[in-house]
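**Q**
Numbering (the numbering used here), first residue to last: 392 to 699.
(1) Report the residue from 446, 627, 451 and 547 whose alpha carbon sits nearest the alpha carbon of residue 500.
(2) Mind reading off the beta-carbon distance from residue 664 to residue 556? Whole number of angstroms is fine, and I expect it under 8 Å.
(3) Between residue 629 and residue 661, which are expected to be in contact by the criterion C-beta below 8 Å, what is the C-beta distance as a whole number of angstroms?
(4) What does a CB cutoff of less than 8 Å around residue 586 pick up in its chain, not counting 5 residues either side in sequence?
(5) Got a sec, what are the start and stop residues for the beta strand (DSSP E) residue 637 sits in?
(6) Helix, strand or coil: how does DSSP classify residue 657 here?
(7) Look at residue 522 and residue 455 and say whether their C-beta atoms are less than 8 Å apart.
(8) With distance defined between alpha-carbon atoms, name the residue in 464, 616, 670 and 591 nearest to residue 519.
(9) Helix, strand or coil: which one does DSSP assign to residue 593?
(10) By Cβ distance below 7 Å, which residues in the same chain neighbour residue 414 in space, the five residues on each side in sequence not counted?
(11) Quick one: residues in its chain with C-beta nearer than 8 Å to the C-beta of residue 452, no 5 flanking neighbours on either side, listed in chain order?
(12) Are the Cβ atoms of residue 645 and residue 571 separated by less than 8 Å?
(13) Let me see if you follow: with CB-CB separation under 8 Å, is residue 636 close to chain D or not?
(14) Starting from the C-beta of residue 435, find all residues in its chain whose C-beta is less than 7 Å away, skip the five residues before and the five after it, and write them out in chain order.
(15) Beta carbon of residue 473, beta carbon of residue 516: below 8 Å?
(16) Give me the Cα-Cα distance between residue 475 and residue 485, rounded to the nearest whole angstrom.
(17) Apart from the five residues on each side of it in sequence, which residues of its chain come closer than 8 Å, Cβ to Cβ, to residue 471?
(18) Which residues share a DSSP beta bridge with residue 434?
(19) Which partner residues does residue 544 have in the DSSP bridge list?
(20) Take residue 596 and list the residues in its own chain whose beta-carbon comes closer than 6 Å to its own, dropping the five residues that flank it on each side.
(21) Could you tell me the distance, in whole angstroms, from the CA atom of residue 668 to the CA atom of residue 674?
(22) Would you call the CB atoms of residue 502 and residue 440 closer than 8 Å?
(23) Could you tell me the distance, in whole angstroms, from the CA atom of residue 643 to the CA atom of residue 582?
(24) Among 606, 450, 423 and 666, which has the Cα closest to the Cα of residue 560?
(25) Please state whether DSSP places residue 425 in a helix, a strand or coil.
(26) Alpha carbons only, please: which of 431, 671 and 678 is nearest the one belonging to residue 547?
(27) At the level of alpha carbons, what is the spacing between residue 659 and residue 676?
(28) From this set, 450, 679 and 671, which residue's C-alpha is nearest residue 564's C-alpha?
(29) Which whole-angstrom value describes the C-beta separation of residue 594 and residue 612, a residue pair presumed to lie in contact below a C-beta threshold of 8 Å?
Printed below as a string of structure tokens:
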């Protein structure tokens with residue numbers, strides 16, 4: 392169990408929009424959560440109850456507290472808190488336990504129930520259940536200038552009525568002017584609920600690319616060093632940040648693999664909330680490309696592989 396949760400935690404650290412740690416390295420965070428996200432049908436006549444598991448993947452006992460925050464995304468795809476209202480999903484959630492201590496390598500089951508206080512409006516309601524590490528009181532005595540605190544946000548999407556997920560990819564552009572090579576996905580969400588991409592990309596040498604209809608996802612891509620088809624030089628996961636209803640956003644995928652000058656194809660195998668993505672985009676890496684290393688921004692961290 393611990394091994395599986397460690398894999399979940401590592402994946403989320405690379406991909407999730409909802410993890411923060413005060414600019415600390417990923418190794419400083421000792422939280423793993425499963426599942427990382429819930430999508431639920433909301434019933435205003437009876438409570439909806441779910442559970443998730445928190446694991447302490449650190450080497451010392453850790454205490455965690457729970458708090459809840461409704462949210463939205465700004466134009467830079469960054470989480471912004473929303474003030475509470477009568478229709479706030481966060482006000483309808485009861486979590487138990489609200490604070491707990493986990494020994495190293497052990498886990499804690501957390502239960503939450505949704506009990507609407509008024510009749511919910513039709514559409515999508517969303518909130519984050521934050522699991523935040525409580526600093527060790529003894530850490531103040533340690534000779535370190537930074538207090539290590541990890542925080543993980545469990546996404547909760549609650550739907551009222553018949554919702555529609557309608558995602559449109561307006562354009563995909565590959566930028567090779569500077570390193571790293573990056574692809575930008577221009578996506579609109581035109582339904583009543585958020586949409587998100589899932590799936591895999593592969594970078595092919597153009598002269599060995601068999602065509603979009605003849606490629607498929609590599610099943611063992613997340614297991615060490617997978618065996619790649621001849622002509623594939625890099626693989627990874629599509630960016631899976633949500634695009635909220637009635638918004639249009641640009642999601643950036645940074646290709647961490649350094650590419651030699653030449654002709655390539657960005658091959659996409661995935662979906663956008665049920666709509667298949669199966670296409671190839673040709674691009675050329677010029678001979679004199681800026682070789683600056685990729686920035687360690689939150690955007691590059693979450694797109695190295697891809698849920699968020």
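Here a beta-carbon is modelled for each residue, glycine too, at the ideal position from N, C-alpha and C.
Note that the structure is a prediction, hence the values are computed from the model and not measured.
**A** Once the coordinates are examined:
(1) 446
(2) 4 Å
(3) 5 Å
(4) 556, 557, 558, 578, 580, 633, 634, 663 and 664
(5) Per DSSP, residue 637 belongs to no beta strand (DSSP E) and is neither H nor E.
(6) strand
(7) yes
(8) 464
(9) strand
(10) For residue 414, the predicted structure reports a pLDDT of 34, less than 50, and the residue's modelled location is therefore unreliable. A value from the coordinates is still provided. Cβ within range, chain order: n/a, list empty.
(11) 492, 493, 494 and 495
(12) yes
(13) The chain labelled as chain D is not found in the depicted structure, where only one protein chain is given.
(14) 507, 510 and 511
(15) no
(16) 15 Å
(17) 462, 463, 464 and 465
(18) The partner list for residue 434 (beta bridge, DSSP) is empty, contrary to what the question assumes.
(19) 521
(20) 622
(21) 18 Å
(22) yes
(23) 22 Å
(24) 666
(25) strand
(26) 431
(27) 18 Å
(28) 671
(29) In fact, because the Cβ distance is near 13 Å, the residues do not count as touching under 8 Å.
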